[in-house]
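Chemist: Handing you this structure, nothing more for now.
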């Protein structure tokens, strides 16, 4: 009998079957990842025991509870209620599937056998030449046989198109299949663009090389797109629907045209094919086939566009997640135009944090020890920045530079940056307590914050660019950080004046700065008097990640 831990809401779930510890926490690598601000990254461990599930709390911030009582090490039976932080779970029994005698673990009853086709083989289904009035290269001893062959061919075409994930390659394949299946002179695909303008994407001619002067007659294309209908033209020269110079100029005798219809009736583009030498080339059968073919092509195009968009957003998101809070990264990746990556003047809050005395401290440490210590420190500091909706600008040795207000602005940027500075000092104090228990060195940091108008944009060379900010406000924040002592937070007057609810501060002697005619008023934030950062305070609505 196995046991499982199931969230009261129904998700997430972890099934306990092996005799090993299962981790619970907000970290993605946990066996039971729980994305809730009250759950620590490594919150607890679960392990099967003879009596039930053994639960060990891993010094979590908000605790682990069994049936309402906080526990550090306890055993939960089936039916018990377990809470990690404020997220409730139940312990349930999970019956293993039983095998049917003589048949192994699966029911071997076969209801029906169906032979599955292998890879699409379109060429094998085509005849050497069209038969009858149709231009389709499909044979058949009878009408029913011919209909079955068309259906089989369309299924293989759908399979073939579904394997193309690149839009340009897919469009080229659609044109190639049209030439392969139908005896026509010219084929073109036009796609809709801005303002619903039709733009030629792929075109090909059997009788002559495609020339720049070849254009799909506007009157035919407009009717197919505006009325969303497939069009059959038997004798273009005398068809009153398409009177105009473009039909005559293009020497069109007969033509077929069908819109590529996407979801919810959106016209993605159109496919056009014609013959230049004979009228009445196409039949109603050709029109029906092109209508079905264009529908399959439209589905494949939409799927390819979706795959392309998801792939692009995944790349963008993976890059932005290194610098932006999770909600900002998702917004930037998902909304085209949400962030202008050119240069712009913006009002930005700038925070610098620098470790004090790290150079002398590192002289007594090995490179591996330095790397491990800095990695743990930076991980916590970046988490704090992201928790408060900030953007990681860069690491500079043992210093961190963070921004609020770029690339996206929020009303409470100044408050969030100030809370982040306080939380960074509080988080570092907790880290030092843990490191002291492990016999590792203690770190202290000084922080400087300022707000002002800066240039925000891509800075660098044609070989390497990075998004950052430049301006007087940045320089002042950097100087404040340099002046801040161990465990100090210094803020400039502009930032203090912009805070709706400033924390406890002490006014210091104005600071003389290079390039400033008058000394700059400075305040020291008394962060020890501020509420303790427990990883849950989040007035800006930004997902908290501990």
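Numbering (the working numbering), first residue to last: 26 to 571. Glycine included, each C-beta is placed from N, C-alpha and C at the ideal position.
(1) Measuring straight from C-alpha to C-alpha, what distance separates residue 256 and residue 333?
(2) Quick check for students: name the residue ranges of the beta strand (DSSP E) that lie wholly in the segment 67 to 117, counting only runs of 3 or more.
(3) Mind checking residue 423: buried by the 16 CB within 10 Å criterion, or exposed?
(4) What are the uninterrupted segments assigned as beta strand (DSSP E) that are 3 or more residues long and contained completely in the segment 411 to 483, given in chain order?
(5) Taking the alpha carbon of residue 198 as the point to measure from, which residue in 442, 63, 329 and 395 has its own alpha carbon closest?
(6) With which residues is residue 230 paired in a DSSP beta bridge?
(7) Could you spell out where the beta strand (DSSP E) holding residue 304 opens and where it closes?
(8) Please report the distance separating the alpha-carbon of residue 151 from that of residue 37.
(9) State the start and end residues of the unbroken beta strand (DSSP E) segment that holds residue 190.
(10) Where does residue 506 fall in DSSP's three states?
(11) Where DSSP assigns a beta bridge to residue 370, which residues make up the other side?
(12) For residue 572, count neighbouring Cβ atoms within 10 angstroms of its own Cβ and tell me buried if that reaches 16, exposed if not.
(13) Would you please state the rounded distance, in angstroms, between the beta carbons of residue 325 and residue 295? I believe it to be under 8 Å.
(14) Could you pull the DSSP bridge partners for residue 173 from this structure?
(15) Can you tell me whether residue 556 is buried or exposed? The criterion is at least 16 other CB atoms within 10 Å of its CB, across all chains shown.
(16) For residue 116 and residue 103, which I take to be in contact (beta-carbon distance under 8 Å), what is that distance rounded to the nearest angstrom?
(17) Here's the rule: buried if 16 or more other CB atoms are within 10 angstroms of the residue's CB, otherwise exposed. What is residue 371?
(18) With distance defined between alpha-carbon atoms, name the residue in 318, 322, 293 and 258 nearest to residue 307.
(19) Specify whether the segment 454 to 469 and the segment 406 to 413 touch according to this definition: at least 3 beta carbon pairs, one from each stretch, less than 8 Å apart.
(20) Whole angstroms is fine: what's the gap from residue 277's alpha carbon to residue 300's?
(21) State the DSSP-derived secondary structure class of residue 519, mapped to helix, strand or coil.
Modeler: So, from the listed chains and residues:
(1) Working through the chain shown from its first residue, we reach residue 256 at position 231. Working through the chain shown from its first residue, we reach residue 333 at position 308. Between residue 256 and residue 333, the C-alpha separation is close to 31 Å.
(2) Taking 3 residues as the minimum length, the beta strand (DSSP E) runs contained wholly in the segment 67 to 117 are 69 to 73, 78 to 82, 89 to 91, 94 to 96, 98 to 101 and 106 to 109, in order along the chain.
(3) As a first step, residue 423 must be located in the chain shown, where it is residue number 398. Flag for residue 423 reads buried.
(4) The beta strand (DSSP E) runs lying completely inside the segment 411 to 483 and spanning 3 residues or more are 416 to 421 and 424 to 429, given in chain order.
(5) Within the chain shown, the letter at position 173 stands for residue 198. Among 442, 63, 329 and 395, the Cα nearest to that of residue 198 belongs to 329.
(6) Along the chain shown, read from residue 1 onward, the residue named residue 230 stands at position 205. Partner(s): 211.
(7) Along the chain shown, read from residue 1 onward, the residue named residue 304 stands at position 279. Counted as a single uninterrupted DSSP element, the stretch harbouring residue 304 is not any beta strand (DSSP E), since DSSP gives it neither H nor E.
(8) Taking the first residue of the chain shown as position 1, residue 151 is located at position 126. Taking the first residue of the chain shown as position 1, residue 37 is located at position 12. One Cα belongs to residue 151, the other to residue 37, and the distance between them is close to 52 Å.
(9) If you number the chain shown from 1, residue 190 lands on position 165. Going by DSSP, residue 190 is part of no beta strand (DSSP E) at all; its letter is neither H nor E.
(10) Walking along the chain shown from the start, residue 506 turns up at place 481. DSSP places residue 506 in helix when its eight states are reduced to three.
(11) Taking the first residue of the chain shown as position 1, residue 370 is located at position 345. Residue 370 is bridged to 480.
(12) The question about residue 572 has no answer here: the residues shown for the chain are numbered 26 through 571.
(13) Position 300 of the chain shown, counting from 1, holds the residue named residue 325. Position 270 of the chain shown, counting from 1, holds the residue named residue 295. Not quite, the Cβ-Cβ distance comes to about 15 Å (not below 8 Å), so this is no contact.
(14) Residue mapping note: residue 173 aligns to position 148 of the chain shown, counting from 1. Residue 173 is not bridged to any residue.
(15) The residue given as residue 556 occupies position 531 in the chain shown. Residue 556 counts as exposed, since fewer than 16 other C-beta atoms from the protein chains shown sit within 10 angstroms of its C-beta.
(16) The residue given as residue 116 occupies position 91 in the chain shown. The residue given as residue 103 occupies position 78 in the chain shown. Confirmed, Cβ separation roughly 5 Å.
(17) Here residue 371 refers to the residue found at position 346 of the chain shown. Taking all protein chains in view, the Cβ of residue 371 is crowded by 16 or more other Cβ atoms within 10 Å, so the residue is classified as buried.
(18) Position 282 of the chain shown, counted from the first residue, corresponds to residue 307. That would be 258, whose Cα lies nearest to the Cα of residue 307.
(19) Contact between the segment 454 to 469 and the segment 406 to 413 is absent, because fewer than three Cβ pairs lie under 8 Å.
(20) Here residue 277 refers to the residue found at position 252 when the chain shown is read from its first residue. Here residue 300 refers to the residue found at position 275 when the chain shown is read from its first residue. The straight-line gap separating the alpha-carbon atoms of residue 277 and residue 300 is approximately 7 Å.
(21) For the purposes of this step, residue 519 is identified with residue 494 of the chain shown, where counting begins at 1. Per DSSP, reduced to three states, the secondary structure at residue 519 is helical.
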